[in-house]
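Under full-length UniProt numbering, think of the first position of the sequence shown as 1, with each following residue one higher.
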Amino acid sequence: RQCDKAFSNSSTLKIHQRIHTGDKPYHCSKCDKVFSHSSSLKIHQRIHTGEKPSHCSKCDKVFSTSSSLKIHQRIHTGEKPYQCSQCDKAFSHKYVLIDHQKTHTGDKPYQCRQCDKAFSQKHALIDHHRIHTGEKPYQCSQCDKAFSKNSTLKIHQRIHTGEKPYHCRTCDKTFSNSSSLKIHQRIHTGEKPYHCSKCD
Numbered sequence: 001r002q003c004d005k006a007f008s009n010s011s012t013l014k015i016h017q018r019i020h021t022g023d024k025p026y027h028c029s030k031c032d033k034v035f036s037h038s039s040s041l042k043i044h045q046r047i048h049t050g051e052k053p054s055h056c057s058k059c060d061k062v063f064s065t066s067s068s069l070k071i072h073q074r075i076h077t078g079e080k081p082y083q084c085s086q087c088d089k090a091f092s093h094k095y096v097l098i099d100h101q102k103t104h105t106g107d108k109p110y111q112c113r114q115c116d117k118a119f120s121q122k123h124a125l126i127d128h129h130r131i132h133t134g135e136k137p138y139q140c141s142q143c144d145k146a147f148s149k150n151s152t153l154k155i156h157q158r159i160h161t162g163e164k165p166y167h168c169r170t171c172d173k174t175f176s177n178s179s180s181l182k183i184h185q186r187i188h189t190g191e192k193p194y195h196c197s198k199c200d
């Protein structure tokens, strides 16, 4: 006896037992893939036929599986079911959570081949690599400025939109970026982090 699962009919038991035996009797006629369930084969075959039966009601995107559609719909619903146990961050995709958790462990598996910098997240390495290549793929639609990072473009675009999402809690001042808010807050805290090395 390999597990304690029980079933109401023998055919369901037979399908289940393929988990233990590794039996995959369903063969794709287009490639060498094999499957333990006929439903899995049917879903796979959509790669070859191009069939995409799952339509998003919010936009014109179509997907070959209902699970792919469900994941996509989180863009519209804002659902973030993957919660980090170390902080209050949450994510819409599991792989993004796994990537994020490396910031807590200190693990930096993504090494730059041009210099000695290493990063915990793959996208951070991609962004960094543009320092070496000079690539600036993010173009502002309002002016001729271009940026190496999408986040920098978004901050820049606030010049055109006038958006100032960063609010000072002590006074009513607002700012377009977090660094400007941080500098401003020193007025209230009295913090003076920059010391002259020539005098005391």
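Just so it is clear, CB atoms sit at the ideal spot from N, CA and C, and this is done for glycine as well. The structure displayed is predicted, hence computed values, not measured ones.
Proximal residues to residue i (C-beta, below 6 Å), its chain only, five neighbours per side dropped
i	result
Ser148	Arg130, Lys136
Tyr166	Phe175, Ser178, Leu181
Gln2	His20
Enclosing alpha helix (DSSP H) for residue i [first to last residue]
i	result
Ser66	66-77
Asp127	122-133
Thr170	Per DSSP, Thr170 belongs to no alpha helix (DSSP H) and is neither H nor E.
Gln185	178-189
Beta-ladder partner(s) of residue i, from DSSP
i	result
Phe147	Tyr138
Ser54	Phe63
His27	Val34
Gln17	According to DSSP, Gln17 bridges with nothing at all.
Tyr194	Per DSSP, none; premise fails for Tyr194.
Gln83	Ala90
Phe7	Answer is none; Phe7 lacks a bridge partner.
Straight-line Cα distance separating residue j from residue i
i	j	result
Ala90	Val96	9 Å
Ser197	Ser179	24 Å
Phe7	Cys56	35 Å
His93	Leu69	13 Å
Thr77	Ser10	41 Å
Ser40	Asp107	36 Å
Ile47	Lys61	16 Å
Glu79	Lys58	15 Å
Lys42	Ile71	20 Å
Thr161	Asp144	16 Å
Lys122	Pro193	33 Å
8 Å Cβ shell around residue i - same chain, five flanking residues per side excluded
i	result
Gln86	Gln101, His104
Ile15	Ser36, His37
Nonlocal neighbours in the same chain, by C-beta distance under 7 Å from residue i, ignoring five residues either side
i	result
Asp23	Ser36
Continuous alpha helix (DSSP H) assignments of at least 4 residues falling wholly in the segment 88-121
Runs found: 94-105.
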